[in-house]
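Student: Below is one structure. I have some questions about it.
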Amino acid sequence: MDLIENPDQAKRLARAILSDVAMYNKEKVEDGIKNDNIFDVLEEELEEGRQHFFSRVSPSLNPEIIYGTAVVDVLIKRAGKIESTIW
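Encoded structure:
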């Protein structure tokens, strides 16, 4: 399988992976936002997604930054309506 070389495709893949993490772990996301420990609560799921992402994307695209940005955009920003002390 060829690695993704296009930054837009890589960003779409990262958002898709994290949308799945959010969809299949709604309670964990809510609890993690409410208790300001989302990265601890979703550690396994985020690492599994990261490994999948890194296996599909060229290292030349700086996948750590793309994946990290998607984590914030998909898991954190979309959870803005959940009550939390972090905002």
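In this note's numbering, the protein residues as written are 691 to 777.
Where is the CB? At the ideal position from N, CA and C, for every residue including glycine.
Can you give the Cα-Cα distance for Ile-756 and Lys-767, rounded to whole angstroms?
Tutor: Near 15 angstroms, if we compare the C-alpha coordinates of Lys-767 and Ile-756.
Student: Are the CB atoms of Leu-732 and Lys-718 nearer to each other than 8 angstroms?
Tutor: Result yes, Cβ atoms of Leu-732 and Lys-718 sit closer than 8 angstroms.
Student: Using alpha carbons as the reference points, say which of Pro-753, Phe-743, Ser-750 and Leu-693 lies closest to Val-711.
Tutor: Per the Cα distances, Phe-743.
Student: Cβ of Leu-703 within 8 angstroms of Cβ of Leu-765?
Tutor: Contact flag unset, no.
Student: For Gly-722, count neighbouring Cβ atoms within 10 angstroms of its own Cβ and tell me buried if that reaches 16, exposed if not.
Tutor: Looking at its Cβ environment, which holds 16 or more other Cβ atoms inside 10 Å, Gly-722 is buried.
Student: List the endpoints of the continuous alpha helix (DSSP H) containing Met-713.
Tutor: Met-713 -> alpha helix (DSSP H) spans 697 to 714.
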